[in-house]
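Heads up: the sequence shown is residues -8 to 248, going by our numbering. Only one structure is covered here, and it is reproduced in the block below.
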Amino acid sequence: MHDQDNTDFFILTHEGGHQSELLPLWASTRPSLVQFDKNPPPVVRVDLPDLPGVFQLHKVLSPAECQQFRLITETLGYHEDAPVSLPHSVRHMANLNWVVDELICETLFARCQPQLLEHIGDAPSLGLNARFRFYRYQVGDYFKPHTDGSWPGSRAVDGQLQVDAFGDRWSQLTFVLLLSEDFDGGHTCFYPQGPQGKVIPVRTPMGSALCFPHGGHPQHYIHSGEKIRRGTKYIIRTELLYARTPATEALQRDWIY
């Protein structure tokens, strides 16, 4: 990993948190501050039984790549508040928001793309949302049951935030990438969609991604983050983007972040 200094990052903008604090949205001053492995193993997809539409992508990141993301974000600093509508009593963790550069997005998407659905309905897959939300869960932290909304594809362009940078894509799937493994608890728990359903806890290994439909997608899930009993859980939360078509717009128009 490159040594970090004050010139590696800048504050793209400030966003209002649920409390009064203004929270920094970070961007980097040069392409990928993460040194990716040149010959990574192929990503492996595992569809989860009893959870239609939910799957894990294994070997997305190596342990060394995960460590780089952890070190960079700890250097930038985590906050208890977050630029979302949910209070800390619901999303009880620390967070940091970073609009990553195109090289990071393209590298991760290229690794995952062979294992992704090429289309959802008539909408082709187009990439990852560059707005990466890093969550740090320590002992006692949790995320109460909730659903995820849909997001457009954001970018940092000429030092400015473009929230809907492309104008042609919505997210359809949540993409949660695990950056650590030395913790107890912290399962992602999926809740029943019918009266006879059961809560299904899922543990995702470090370097793997957990993907599931969200927003107005018919297979979207209520889910939660189980309380951490030991250690620290680091994740990246972002989204898989698909083309904006009449069908996907009908699905997500009421669920945009």
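Here a beta-carbon is modelled for each residue, glycine too, at the ideal position from N, C-alpha and C.
In this structure, DSSP gives R102 a helical state, which the three-state scheme calls helix. Taken atom to atom, the span from the alpha-carbon of C96 to that of Q47 is near 18 Å. Of the residues assessed, Q26 falls on the exposed side of the cut-off, its CB having fewer than 16 other CB atoms within 10 angstroms. Taking the Cβ atoms as the reference, S145 lies roughly 15 Å from V75, outside the contact range of under 8 Å. Contact between the region 125 to 133 and the region 193 to 202 is not established, with fewer than three Cβ pairs separated by less than 8 Å. Look at I63 here: in three-state DSSP terms it is helix.
DSSP places L87 in the uninterrupted beta strand (DSSP E) bounded by A85 to V90. Under the 8 Å Cβ criterion, the region 99 to 118 counts as touching the region 233 to 240, having at least three qualifying pairs. The shortest C-alpha to C-alpha distance from H205 to any of E109, L232 and V154 is the one to L232. Between the beta-carbon of F166 and that of T229 there is about 5 Å, and that keeps the pair under the 8 Å contact cut.
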